[in-house]
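The numbering of the sequence shown is my numbering, which starts it at 2 and goes up by one.
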Amino acid sequence: MDTKTNYHVHIEGGVNPLTLNLRELWRYRDLIVLFTKRTLALVYKQTVLGPLWLVLHPLLTSVVYAAVFKGIAGLSTEGVPALLFYLASHALWNLFAVSLKRNSTTFVTNANIFGKVYFPRLAVSVSAMFTSLFEFMVEFAMIIVILAYYIAENQVSPRWELIWLLPVILLQTSLMGLGLGVLISSLTTKYRDLTFVVEFGISLWMYATPVVYPFTQLQGHGFIRTILVLNPMTAPLELFRLVLFGHGTWDAASLIAAIVFTIAALIGGTLIFNRVERSFIDTV
2 MDTKTNYHVH IEGGVNPLTL NLRELWRYRD LIVLFTKRTL ALVYKQTVLG
52 PLWLVLHPLL TSVVYAAVFK GIAGLSTEGV PALLFYLASH ALWNLFAVSL
102 KRNSTTFVTN ANIFGKVYFP RLAVSVSAMF TSLFEFMVEF AMIIVILAYY
152 IAENQVSPRW ELIWLLPVIL LQTSLMGLGL GVLISSLTTK YRDLTFVVEF
202 GISLWMYATP VVYPFTQLQG HGFIRTILVL NPMTAPLELF RLVLFGHGTW
252 DAASLIAAIV FTIAALIGGT LIFNRVERSF IDTV
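The following block contains the structure:
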């Protein structure tokens with residue numbers, strides 16, 4: 002009796018571009034894990050300190066922010082110790098910005114492997130998001146240690162009743178980076194200039210977001226305040242600091258704008274990504 006099992010994989014075109022096919026993505030979860038490990042290994046390969054940079058980089062960056070924006074510019078941190086304020090702000094912003102940056106070159110940097118073997122192309126983008134999330138969690142662990150010290154010193158008072166918001170904030174921020182990243186990646190297959198614009202655009206976006214200053218710093222500035230309210234990173238960042246430190250200002254309009262923008266980025270990014278993946282190899 003023949004006990005062999007024949008496996009048949011049928012790949013076809015003409016799939017609805019709005020279809021995510023999450024079931025297939027789940028089947029390739031091991032591949033997503035491998036891509037995540039590969040990215041982490043490549044980033045810290047042949048470095049003297051290796052993964053230690055996951056802690057040193059945000060710490061050194063926050064020290065520079067504290068010296069420049071708090072010490073020299075005199076920007077307020079709403080009573081929160083400067084180092085802690087900038088560490089938290091840097092962590093959440095980096096979760097979004099790094100995920101966006103990595104995903105913005107998905108098709109260009111993976112053209113060779115995409116042209117040789119089939120797997121859900123979105124697996125690469127999801128792994129980039131998970132890589133950024135892993136780096137965030139390492140940085141967040143450092144924040145928790147420093148936060149515990151300042152809590153013991155009665156310098157900060159976290160809003161423990163809002164702790165449930167943290168997973169929501171991380172999910173929204175990660176998905177926004179993923180959605181915008183795959184959208185830009187799809188466009189770069191035709192318009193390579195976008196790869197140069199992304200880095201500059203992210204830098205500008207950071208200064209238009211209350212990363213190195215609190216939202217209250219710009220109270221009374223009508224036009225600028227409106228930009229901050231509509232900025233989809235303002236509400237998550239302010240809520241993040243509110244939960245951790247008990248200081249943060251946000252409003253419903255800002256939160257709704259962030260959620261709507263994230264949903265639009267995911268839908269738009271998925272629509273164009275699914276359409277481009279069927280023919281990108283001819284243009285990359």
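For each residue, glycine too, the CB sits at the ideal point set by N, CA and C.
What does the alpha-carbon distance come out to for the pair residue i and residue j?
{"i": "residue 164", "j": "residue 238", "result": "14 angstroms"}
{"i": "residue 37", "j": "residue 257", "result": "31 angstroms"}
{"i": "residue 66", "j": "residue 87", "result": "7 angstroms"}
{"i": "residue 69", "j": "residue 208", "result": "14 angstroms"}
{"i": "residue 103", "j": "residue 129", "result": "6 angstroms"}
{"i": "residue 269", "j": "residue 137", "result": "26 angstroms"}
{"i": "residue 230", "j": "residue 117", "result": "45 angstroms"}
{"i": "residue 272", "j": "residue 249", "result": "35 angstroms"}
{"i": "residue 216", "j": "residue 234", "result": "12 angstroms"}
{"i": "residue 189", "j": "residue 109", "result": "7 angstroms"}
{"i": "residue 169", "j": "residue 26", "result": "22 angstroms"}
{"i": "residue 113", "j": "residue 53", "result": "31 angstroms"}
Return the residue from the list the options that minimises the CA-CA distance to residue i.
{"i": "residue 181", "options": "161, 259, 89 and 267", "result": "267"}
{"i": "residue 93", "options": "84, 129, 249 and 212", "result": "212"}
{"i": "residue 167", "options": "100, 246, 261 and 58", "result": "246"}
{"i": "residue 95", "options": "218, 171, 198 and 27", "result": "171"}
Tell me the DSSP secondary structure of residue i in three-state form.
{"i": "residue 165", "result": "coil"}
{"i": "residue 239", "result": "helix"}
{"i": "residue 178", "result": "helix"}
{"i": "residue 122", "result": "coil"}
{"i": "residue 232", "result": "coil"}
{"i": "residue 155", "result": "coil"}
{"i": "residue 117", "result": "coil"}
{"i": "residue 187", "result": "helix"}
{"i": "residue 110", "result": "helix"}
Please tell me whether residue i and residue j are closer than 9 angstroms, where the distance is taken between their beta carbons.
{"i": "residue 63", "j": "residue 242", "result": "no"}
{"i": "residue 105", "j": "residue 196", "result": "yes"}
{"i": "residue 259", "j": "residue 143", "result": "no"}
{"i": "residue 101", "j": "residue 185", "result": "yes"}
{"i": "residue 43", "j": "residue 135", "result": "no"}
{"i": "residue 206", "j": "residue 232", "result": "yes"}
Is the number of C-beta pairs between the region 147-165 and the region 118-129 that are closer than 8 angstroms three or more?
-> Three or more Cβ pairs closer than 8 angstroms define a contact, and the region 147-165 falls short of that threshold against the region 118-129.
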